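Per my numbering, the very first residue in the sequence shown carries number 353; after that it's consecutive. The block underneath contains the structure these notes are about, expressed in C-alpha cells.
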Amino acid sequence: MKKLTIQGTCTGENNMAIIDVFSSNATNKPYDVRKVFYKSFIFELDDLEPGTSYIVDVTGFTFGTFEVSITGEITKPFQAAFSNTDFSPGYIIKTKK
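Take a look at the structure:
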C-alpha cells in the first residue's frame, strides 16, 4: 500500500477546506474518502494501491491564506496557495509502483 499526505495551513479566521480523494468506480478497487477541516491539518492516507491514479479535490474558502501541499509516495507532489477567496482545484495523482 502507498501513502499520501495532504497538509493544509491556514492563517486568519473563518477557514474551511473539504478534501476528497477518490478513484473511478471503473477501477478494480474504487476508493472514496472525504474530510472537512476548519483549521490547519495534516491528513494521511496509507491504503492507496500502487501504480494507481486518484483524484484529489480541495474545496473551501479562506479570509486569510490557505496553503495546501500534496506529497507522499506519488509521482509528482503539488503545492498551491490561496488568499481571501474561495478555491476548488482538483489534482490527479498517481501512486508509485
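Ideal placement from N, C-alpha and C gives every residue a C-beta, glycine not left out. The structure displayed is predicted, hence computed values, not measured ones.
- Query: In whole angstroms, what is the alpha-carbon distance linking ASN366 and LEU400?
  - Reply: Spanning the two alpha carbons is a distance of roughly 31 angstroms.
- Task: Please go through the same chain and pick out, in chain order, the residues whose beta-carbon is closer than 8 angstroms to the beta-carbon of MET353, but skip the five residues on each side of it.
- Result: Hits under 8 angstroms: ASP398, ASP399, LEU400, GLU401, PRO402.
- Item | LYS381 to LYS449 span [Cα, whole Å] | Going by the C-alpha atoms only, they are around 16 angstroms apart.
- Query: Residues bridged to GLY424 by DSSP?
  - Reply: Bridge partners of GLY424: LEU356.
- Does the stretch 423-439 come within contact of the stretch 383-393, defined as at least 3 CB pairs closer than 8 angstroms? No, the stretch 423-439 does not touch the stretch 383-393.
- Output the distance between the C-alpha atoms of ILE394 and SER376, rounded to the nearest integer angstrom. If you draw a straight line from the Cα of ILE394 to the Cα of SER376, it is about 24 angstroms long.
- Compute the Euclidean distance between the alpha carbons of PHE439 and MET368, then round it to the nearest angstrom. Near 10 angstroms, if we compare the C-alpha coordinates of MET368 and PHE439.
- Item | Every unbroken beta strand (DSSP E) within the stretch 370-399, with a cutoff of 3 residues, ordered by chain | Complete beta strand (DSSP E) runs here, min 3: 384-389.
- Expressed to the nearest angstrom, what Euclidean distance is found between the alpha-carbon atoms of ASP384 and PHE374? Cα-Cα distance, rounded: 4 angstroms.
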